[in-house]
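Trainee:
Residue numbers (UniProt numbering), protein chains in the order written: chain A, 1 to 301; chain B, 1 to 567.
1) Following the continuous alpha helix (DSSP H) through residue 91 of chain B, name the residue where it begins and the one where it ends.
2) Select from the segment 255–277 of chain A all residues with a C-beta closer than 9 Å to any C-beta belonging to chain B, and list them in chain order.
3) Using a C-beta cutoff of 9 Å, does residue 532 of chain B count as contacting chain A?
4) Closer than 7 Å by beta-carbon distance: list the chain B residues that pair up with residue 56 of chain A, in chain order.
5) What does a CB cutoff of less than 7 Å around residue 21 of chain B pick up in its chain, not counting 5 residues either side in sequence?
6) From the DSSP output, in three-state form, read off residue 9 of chain A for me.
7) Using 10 angstroms around the beta-carbon of residue 275 of chain A, count the other beta-carbons present and answer buried if the total reaches 16, otherwise exposed.
8) Could you pull the start and end residues of the alpha helix (DSSP H) that residue 90 of chain A belongs to?
9) In three-state DSSP terms, what is residue 37 of chain B?
10) Helix, strand or coil for residue 340 of chain B? Go by DSSP, reduced to three states.
11) Note down, in chain order, every chain A residue with its Cβ under 7 Å from the Cβ of residue 426 of chain B.
12) Determine the DSSP secondary structure at residue 199 of chain A, reduced to helix, strand or coil.
13) Specify the secondary structure class of residue 16 of chain A as computed by DSSP and reduced to three states.
14) Could you name the residues of chain B that residue 144 of chain A contacts, counting a contact when the two beta carbons are closer than 7 Å?
15) Rounded to a whole number of angstroms, what is the C-alpha to C-alpha distance between residue 415 of chain B and residue 55 of chain A?
16) Which residues, taken in chain order from the segment 274–303 of chain B, show a beta carbon closer than 8 Å to some beta carbon of chain A?
17) With residue 33 of chain B and residue 242 of chain B assumed to form a contact (beta carbons below 8 Å), what rounded beta-carbon distance in angstroms separates them?
18) When burial is assigned at 16 or more other CB atoms within 10 Å of the CB, is residue 104 of chain B buried or exposed?
19) When you compare the CB of residue 13 of chain A with every CB in chain B, is at least one pair closer than 9 Å?
20) For residue 76 of chain A and chain B, any beta-carbon pair shorter than 9 Å?
21) Is any beta-carbon of chain A found at less than 9 Å from that of residue 18 of chain B?
22) Ignore the nearest five residues each way along the sequence and tell me which others in residue 286 of chain B's own chain have a CB closer than 8 Å to its CB.
23) Do you know whose CA, among A:81, A:53, A:176 and A:78, lies nearest residue 114 of chain A's CA?
24) DSSP three-state label for residue 302 of chain A, please.
25) Assuming the contact rule is C-beta atoms closer than 8 Å, residue 246 of chain B and residue 540 of chain B should be a hit. Round their C-beta distance to whole Å, please.
26) Give every residue of the same chain whose Cβ lies closer than 6 Å to the Cβ of residue 56 of chain B, excluding the five residues on either side of it in the sequence, and list them in chain order.
27) Could you have a look at residue 461 of chain B and say whether DSSP puts it in helix, strand or coil?
28) Please identify the residue among B:565, B:250 and B:280 whose C-alpha is closest to the C-alpha of residue 348 of chain B.
29) Can you check whether the CB of residue 562 of chain B is closer than 9 Å to the CB of residue 549 of chain B?
30) Would you say residue 364 of chain B faces chain A, with C-beta separation under 9 Å as the test?
31) Is it buried or exposed for residue 250 of chain A, if we count other Cβ within 10 angstroms and need 16 for buried?
32) Check each candidate in B:465, B:109, B:147 and B:392 and name the one with the smallest Cα separation from residue 568 of chain B.
33) Using a 10 Å radius around the Cβ and a threshold of 16 neighbouring Cβ atoms, would you call residue 128 of chain A buried or exposed?
34) Does the pairing of the segment 181–189 of chain A with the segment 106–126 of chain A give three or more beta-carbon distances under 8 Å?
35) Pull up the distance between the alpha-carbon of residue 577 of chain B and that of residue 82 of chain B, whole angstroms please.
36) Give me the chain B residues within the contact set of residue 234 of chain A, using Cβ-Cβ distance strictly less than 7 Å, ordered along the chain.
Here it is in structure tokens:
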């Protein structure tokens with residue numbers, strides 16, 4: 001009887017289901033649109049607006065919005081639109097790469113600690129150790145030790161990029177690891193895992209096939225939060241002189257450079273501020289939508 | 001709270017005004033704002049400028065400096081010199097004659113024994129005196145009689161105006177501080193907060209790190225001064241807020257050290273309530289050229305040492321070209337405004353020692369390019385960067401993290417790029433850069449870069465110790481734990497010989513000529529040091545406050561006794 005009422009759907013990739021579910025989340029859609037716009041802006045933008053972000057034009061200092069400089073210029077006459085695009089490129093790539101690093105590190109350690117009883121204690125103590133490490137002195141040490149060899153090998157920008165991404169990634173995976181471990185511990189005791197084990201599923205497949213998809217949503221959430229933290233940490237580092245050299249603009253640096261003139265030229269603070277907030281917010285919404293879409297229990301309801 | 005202090009001040013001025021002498025205390029209250037709050041009135045227990053300066057309202061030295069850097073008498077009848085016999089022929093002692101009849105603010109007489117006590121107080125090894133440098137080389141201080149103080153030195157001292165001269169070396173009252181010597185110095189809270197002095201004011205209320213209330217000293221030596229009956233020194237906030245309080249809202253009469261951006265200076269000056277005053281001392285923002293090779297390919301311990309001369313900057317033509325490409329006036333306009341002026345001198349002041357070297361003030365791009373071509377640097381591969389023998393003209397330019405310095409870096413980089421010089425910028429956290437940690441590669445002493453920028457000055461009016469920093473033996477090196485003041489590793493036997501000559505010269509004219517010569521050797525003759533901006537002091541005072549003369553050689557409020565209200 002049921003066979004006649006239910007139309008047999010053609011087999012399709014489960015990611016289409018995810019997308020269908022994702023589409024129903026309005027905030028996530030708006031977030032995705034904004035995020036893609038920002039991404040396009042910073043990748044294609046410099047092709048359309050080919051002013052150098054570091055070109056100092058002393059005759060055009062502190063200019064407001066105009067045709068020549070759509071977002072005005074800063075105290076040295078550098079074009080703000082070009083700087084925003086160049087800055088976004090650095091900030092976003094740092095944010096995304098550092099997040100990817102932190103999340104993969106955190107997930108690996110979390111899953112291993114949660115799934116294998118023997119590894120739990122050493123791995124979680126390692127996590128505690130990293131949590132207890134004071135972040136700033138550690139970063140200072142890393143920068144002092146590795147800045148020169150790295151910038152020699154990969155150039156001043158490439159070297160510091162690697163360094164910062166590694167520094168942020170290596171110091172922000174702990175929360176993800178803890179969350180994932182907790183989830184894994186709970187899922188491990190569920191019937192379907194027992195069933196899978198009873199038919200002799202090896203540990204590797206068990207983790208990849210049965211556990212990981214079920215902890216995807218918390219990972220997604222911590223990943224989106226991670227991007228935000230990474231962008232902000234990079235800003236703080238730039239401010240302390242530990243980040244990128246001053247001739248490589250990032251959103252954080254633009255923001256900090258402008259703080260002195262906040263009363264005279266508020267737009268200079270507002271613009272990078274908006275850019276950072278919009279990115280973080282849109283990423284958070286995307287994360288929210290993805291979490292719902294990736295959770296098989298919510299999907300299809 | 002603000003209202004309360006204001007009311008208290010008003011009340012105090014009402015009560016005091018009728019009781020005051022002829023002209024003393026007729027102008028009500030003067031309100032002074034220090035962006036850093038005062039924590040003690042005793043200059044010997046704090047190296048903070050704010051404490052020394054506010055303390056100078058109460059405590060006075062025997063002599064001070066005026067705005068030109070000349071020594072002026074305060075508590076003495078005249079300035080000792082070789083002519084009047086106050087300074088001995090062998091330059092080993094100086095004798096001060098105190099004004100007869102001078103009184104402390106509590107009415108007791110001021111004597112030579114107070115000066116002797118003060119010297120012993122500071123030189124007490126258990127005391128940890130913050131101004132010990134002013135008593136350096138002092139053998140003994142004795143009172144020849146009640147009004148004569150003799151200071152003897154271990155070695156001949158061409159510049160004896162150290163002890164008892166300037167706001168950092170005031171006289172304490174022996175009777176009040178008798179039990180505060182040695183280890184007890186910092187425990188004497190009451191004494192340190194309310195010292196008895198000879199200055200124009202005395203403390204009525206002291207709130208640590210907040211407010212100091214003062215009233216006119218009834219026993220001040222000039223019966224007509226100070227014109228103000230009370231003074232209030234409020235601490236806290238930042239330079240911008242302080243400038244606004246004087247220039248925009250008019251809440252205060254005087255704000256100390258209002259270093260703010262040129263744009264803001266212009267805006268506030270337009271508000272019409274006050275004006276900025278500036279004065280120039282010896283603080284010079286400069287670019288230092290590394291005379292040794294900082295290449296990371298060299299083994300640790302040999303980088304930036306005399307063993308390897310710099311491959312590019314050893315050529316004076318390159319150094320000169322780099323200096324010629326800089327337009328100093330533009331940098332001043334962008335970074336400092338009223339608070340700076342372009343300079344080519346390492347010793348820009350006092351007048352006596354300042355060389356007339358001005359040849360760097362005009363930017364000469366074409367000349368710089370020609371000079372580099374003459375030195376053999378050409379762009380053979382067409383990538384826009386000059387090269388010679390297969391090596392690119394590429395420099396690492398480092399400085400500390402500071403908004404103005406980063407602006408300067410960006411501008412100077414562009415000028416140098418125009419010459420065809422590739423520039424890599426590097427910034428270091430100030431606490432690391434100036435931290436002097438021998439283990440860190442990023443200190444300014446280690447100088448693991450080709451050029452670096454920072455500011456430095458010298459204490460007092462005598463440039464001898466400052467110029468003596470550039471002798472060969474003072475170069476930072478691994479053997480000296482990277483300590484040393486000769487940051488550039490400049491080394492010239494002739495320079496060392498002239499420094500020796502300077503140390504042995506007592507005559508002012510000769511000293512001045514020698515100092516100028518040394519200054520020129522470091523700047524226009526060699527371009528080892530490329531001065532950029534002479535950074536002055538910028539303070540603000542209300543349009544109704546008269547008599548303000550800014551002074552960088554002594555306490556900034558050195559002449560507060562002459563201040564008056566413009567009615």
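Glycine included, every Cβ here is placed at the ideal spot set by N, Cα and C.
Mentor: With the given structure in hand:
1) From DSSP, residue 91 of chain B is part of no alpha helix (DSSP H); its letter is neither H nor E.
2) 256, 257, 259, 260, 261, 263, 264 and 265
3) With 9 Å as the cut-off, residue 532 of chain B does not count as an interface residue toward chain A.
4) 410, 411 and 414
5) Summary for residue 21 of chain B: the model assigns pLDDT 41, below 50, so the residue's position carries little reliability; its value from the coordinates is reported in the next sentence. Cβ within range, chain order: 223.
6) coil
7) Buried is the call here.
8) 80–115
9) coil
10) strand
11) 245
12) coil
13) helix
14) 440, 441 and 442
15) 11 Å
16) 296
17) 5 Å
18) buried
19) no
20) yes
21) With a pLDDT of only 40 at residue 18 of chain B, under the threshold of 50, the placement of this residue in the model should not be trusted, and no figure is reported.
22) Counting only residues of its own chain and dropping the five nearest sequence neighbours on each side, residue 286 of chain B has a CB closer than 8 Å to the CB of 346, 453, 454, 455, 456, 529, 530, 531 and 532.
23) A:176
24) Absent from the structure is residue 302 of chain A, since the part of chain A shown begins at 1 and ends at 301.
25) 4 Å
26) 167 and 555
27) It is coil, neither helix nor strand.
28) B:280
29) For the 9 Å CB-CB criterion, residue 549 of chain B and residue 562 of chain B form a contact.
30) no
31) buried
32) No information on residue 568 of chain B is available, as it lies outside the stretch 1 to 567 that chain B covers here.
33) exposed
34) yes
35) There is simply no residue 577 of chain B to check, as chain B begins at 1 and stops at 567 in what is shown.
36) Those do not exist, as residue 234 of chain A stays about 15 Å from chain B at its closest Cβ, beyond 7 Å.
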